[in-house]
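Inspection log for the structure reproduced underneath, given as structure tokens.
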Amino acid sequence: MGNYLGSTPQQQQEMLRTIGLKNMSDLYQDIPKEMIIKNLAIPAGKSEFEVRRILEKMGKKNKVFSSIFRGAGAYNHYIPAIVKQISAKEEFMTSYTPYQPEISQGLLQSIFEYQTMICEITGMDATNASVYDGATAAAEAINMCLEKKRLKVLISETTNPMTIQTALTYFSSREIEFVMIPEKDGLTDLSVLKEKLDDTSACFIVQQPNYYGGIEPVEVIAEMVHEAKAKFIMSVNPVASTVLKTAGEVEADIAVGDSQPFGIPLAFGGPYIGFIATKEKMIRKLPGRIAGETVDEAGDRAFVLTLQAREQHIRREKAASNICSNQALCALTNAVYMSTMGARGIQEVAEQCYSKAHYLLDGLTQIKGVKRTNDSPFFHEFVTTFPVANEVVLAKLEEHDILGGYPTEQGLLWCVTEMNTKEQIDEVVALVKEACGQ
Amino acid sequence: MKLIFERSVEGYYNEMISPCDVPTTALPEEMKRQKELHLPSLPQPEISRHYTELADATFGINNGFYPLGSCTMKYNPKINDEMATYPAFASIHPLQPEHTVQGSLEVFTMTEMLLKEITGMNAITFQPAAGAHGEFTSLLMIKAYHKKHGQPQRNKIIVPDSAHGTNPASVAMTGMITVNIPSDNYGCVDIEALRAAVGEDTAGLMLTNPNTAGIFDKNILEITKIVHDAGGLNYYDGANLNAIMGVARPGDMGFDIIHLNLHKTFSTPHGGGGPGSGAVGCKSLLKPFLPDYYPVKKGAEIGFTRPVNSIGLVKGFYGQFSVFLRALTYILFLGSEGISSASKSAVLNANYMLHELKDIFEVPYGESCMHEFVISLDKLKKETGVTALDIAKGILDHHMYPPTMYFPLTVPEALMVEPPETESKERMDDAIAVYRKLYEDAHKNPEAFHEYPLHAQIHRVDEVRAARHPIVRYDFALENNE
């Protein structure tokens, strides 16, 4: 039997004697007898060695692809060794939310630094200590925009379907009207957007680059949304945001997104990390924890969790959100990633994503019958169709240990990052050609 | 400590990725970011030192006694972390074809099987990201259940006044209404108040048992029956499950749905505030309402399904995978006896500390407890002016994390102590001695307390200033003006 008990059986006996009890079961006199379980029907405890063997065996049932050409919300980027080592430091890994600032300055400062970096990436004034993921960040952002007379939420259909579905679930039991703005040629249909925006619109959400990889004309959209006096929420890929016009530059009201690309492993979908950044004027509407700078009684710089009057432990049912936990360790990981790569490093990653995705598209469209579904400008994802079924293409690639594009209604959604070498891209093109019978 | 931006020197580039090996394509000028991107720029050794300095100024579980009530700060086993970073799990894309992720899917079904037995539930979803997210998910399921059964008018959730703040906040997010009911002298549910509160509009009850005072509510079967008889459902807030794992099961107490904090009870790290994992378990009657992507065995393979009346997705993908993989590692290691022995030992620890402190501190909820207990410093404050906050700050000078302060809200000057099973007798004896000494000092020299802590990283902070003039990011313009 394994355990992590702090005291020996002898010490436990001693403690029992001290409190005047005979055995451990006496501790549960308040629980009705019929409720006490006799035997917990799970397997007996095992040695650490045995546990490792079981789990490693389980892991072997997974297929680890040697190259990945799939994104759709989870992105394969290089994670520097230092990022993994620092985020595994025990103090960061095991501490609680920094309620006691006097012994949590390191953690609080790391959050403050993370907040600064996210503001820089998005071009916004303020952000919080993180939220669960990109999809929930979008839902929380919607909540920030709702007003008594503005309860209509417009979302572009070019947004990641999981973000849309999460937002719908979040507000499913409230009187909020959702309006989907359709896609046209790979981008949001602006004529429909213009038509649907009115004085009951709370906000419009668009993803940049969008789910299909397209670069949306966000400046035009921002103007359109603001003309209706609604709020503009931009869901951004943080890598793309280092080279594309930022949410701040186009005067978006809120920038959200998932910063998994900044040093967080794919890990079958989580934990990832959501960010939510906004302009100064909406700072008090942010949900969750926020680290702020202040001074201590000696007048020295100090950091503390601030603006707590918004939060559930103070406001209970009147709180801005129910959020208690965030993704602090992932935020730290993001910060170490951004510090290691620096502006130049991340922009290099972004530029490589862009160049390599375009290189793959060029190669694929040389194949007879392979077409991109639209001509919109794109970042590192795009959709193609084939003269053969998607499954045929994917099976061919899988045989060669390559995870191909993600099958969507439109076709295969490809993603290329700095991790994909020229050699790998050329191999994909050759294999697809073969799969297409050429 | 300097901020990482203050340590930055322009021009460093850490060579992490290879140069581009395909012809470069330039981004169209009109789409380009114009604003300069300020990120740190410093050599790797300096980055390493910076974060070591920050880590040194952070108090983790391994830095000392950590009896934070309601938070279950138990030791985070190292094997859990190794399994979570094992490449066969860590490098799997969430959208790989199902036949290539059978190992990951087995993590779901095996963890579910084990937790079903521990909690007495019939199905578990791992999608919720944290405890509060699990509450929200559960409430949406309760609401959907009533709607499906033709009773959409059931929109009131009964919450005892001693509950965690997340309970009423989660209720508000679902558009339902919180009905607060008072607790009795032991922090338990006031049965008469509950009877008076239930009715045709009752959607459910949210309860944690043991409650936030660390007391097991003896009337639990009567409580859940009152709610069931009125047509409502019972929700179990798993915040305090560490008291009763392997001893008693929420499923046998009349609860229909529960959330678990895997980052408390099942030893996964708190990470300085997250990521957690708020798995939700339910009885069969609520199973059709579970969130999307519920893994089930289809023949020889495991695959995701959408439950027939699913509330939908509550986040992207399927949950905090590496977190519940850690929980699985923990449960496999402990096994049947280890799980119950963990809870029993936690309860023993709490009772031992309570016993050694109750002669001097007020104990509003009696002389025995479950895995945590509450002391009130109200009398001490009246006698000496020293508050719960002052005592907590005094504890900091002894290299210990203080108990949870001012919770539950129903007890004045409360300190809530939870010494989990991984704390040793020696550590507790040290803490007992410190608490007792501070109590004596408070009578001898109360003035000194307002200065505490003396030996921490900083003195007490000006929180009012932080909130009035929020500075939540570093200002690079300031740097340039200097």
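Same order as they appear, the protein sequences are chains A and H. 8 is the number of the first residue of the first sequence in my numbering; add one for each residue after it. 3 is the number of the first residue of the second sequence in my numbering; add one for each residue after it. All residues carry an ideal CB built from backbone N, CA and C; glycine is no exception.
Looking at the C-beta of aspartate 196 of chain A, does it have a partner C-beta in chain H at a distance below 9 Å? no
So, leucine 235 of chain H versus methionine 255 of chain H, is the Cβ gap smaller than 9 Å? no
Skipping 5 residues on each side, what residues in its chain have a beta carbon closer than 7 Å to that of alanine 229 of chain A? Phe239, Val257, Glu258, Ala259
Neighbourhood of aspartate 382 of chain A by C-beta distance below 8 Å, restricted to the same chain and skipping five residues each side: Asp192, Gly193
Exposed or buried, which one is aspartate 140 of chain A when buried takes at least 16 other CB atoms within 10 Å? buried
Considering only residues of the same chain and omitting the five flanking positions on each side of valine 377 of chain A, which have a CB-CB separation below 8 Å? Leu371, Thr391, Thr392, Phe393, Pro394, Val439, Cys443
C-beta contact flag for valine 343 of chain A and isoleucine 188 of chain A at 9 Å: no
Ranges of the alpha helix (DSSP H) found wholly within the region 28 to 91 of chain H, counting only runs of at least 4: 46 to 58, 80 to 87
Can you check whether the CB of methionine 241 of chain A is closer than 9 Å to the CB of lysine 6 of chain A? Summary: the structure shown does not reach residue 6 of chain A, with chain A confined to residues 8 through 445, and so no result is reported for it.
In chain A, which residues lie with their C-beta within 8 Å of the C-beta of lysine 34 of chain H? Val250, Leu251, Lys252
Residues in the same chain with beta-carbon distance under 7 Å from valine 11 of chain H, minus the five sequence neighbours each way, listed in chain order, please. Ser43, Leu44
Length of the line joining the Cα atoms of methionine 123 of chain H and glycine 283 of chain H: 6 Å
How is alanine 284 of chain A classed by DSSP in three states: helix, strand or coil? strand
Based on Cα-Cα distance, which residue from A:Ser74, A:Ala309, A:Tyr82, A:Ser32 lies nearest to leucine 114 of chain A? A:Ala309
Chain H residues whose Cβ lies nearer than 8 Å to that of lysine 67 of chain A: Ala90, Gly105
Compute the Euclidean distance between the alpha carbons of proline 384 of chain A and leucine 251 of chain A, then round it to the nearest angstrom. 12 Å
Could you give the DSSP three-state label for glutamate 484 of chain H: helix, strand or coil? Here glutamate 484 of chain H scores only 43 on pLDDT, less than 50, and its place in the model is too uncertain to base an answer on.
CA-to-CA distance, lysine 145 of chain H to serine 179 of chain A, given in whole angstroms: 10 Å
Applying the 10 Å Cβ sphere with the 16-neighbour rule, what's the burial state of glycine 130 of chain A? buried
Residues of chain H with CB under 8 Å from glutamine 122 of chain A, in chain order? Val474, Arg475
Cutoff 8 Å; reference methionine 247 of chain H; Cβ partners in own chain excluding five residues on either side: Ile120, Thr267, Ile341, Ser342, Ala344, Ser345
Cβ-based burial, alanine 305 of chain A [other Cβ within 10 Å; buried from 16]: exposed
Does DSSP put tyrosine 354 of chain H in a helix, in a strand, or in coil? helix
For asparagine 65 of chain H and glycine 274 of chain H, I'd like the C-alpha separation in whole angstroms. 14 Å
Straight-line gap, glycine 62 of chain H to phenylalanine 99 of chain A (C-alpha atoms, nearest Å): 7 Å
Return the Cβ separation of isoleucine 19 of chain H and tyrosine 85 of chain A in integer angstroms, given the expectation that the two are a contact with Cβ distance under 8 Å. 5 Å
Please confirm whether valine 325 of chain H and histidine 265 of chain H have their CB atoms less than 9 Å apart. yes
Just how far apart, CA to CA, sit alanine 357 of chain A and glutamate 63 of chain A? 35 Å
Just by C-beta distance, which residues in the region 346 to 368 of chain A are closer than 8 Å to chain H? Ser346, Thr347, Met348, Gly349, Ala350, Arg351, Gly352, Ile353, Gln354, Glu355, Val356, Glu358, Gln359, Tyr361, Ser362, Lys363, His365, Tyr366
Does the beta-carbon of threonine 207 of chain A have 16 or more other beta-carbons within 10 angstroms, so that it is buried, or is it exposed? exposed
Interface flag, tyrosine 238 of chain H vs chain A, CB-CB below 9 Å: no
Can you give me the start and stop residues for the beta strand (DSSP E) that aspartate 239 of chain H sits inside? 235 to 239
By the 8 Å beta-carbon criterion, what residues does the region 193 to 227 of chain H contribute toward chain A? Ile217, Phe218, Lys220, Ile222, Leu223
Please work out which residues of its chain come closer than 8 Å, Cβ to Cβ, to isoleucine 434 of chain H, disregarding the five sequence neighbours upstream and downstream, and give them in chain order. Met355, Glu358, Leu359
May I ask which residues mark the beginning and end of the beta strand (DSSP E) holding threonine 391 of chain A? 388 to 392
Considering only C-alpha positions, which residue in the set H:Val436, H:Ala468, H:Ala171, H:Val249 is nearest to serine 338 of chain H? H:Val249
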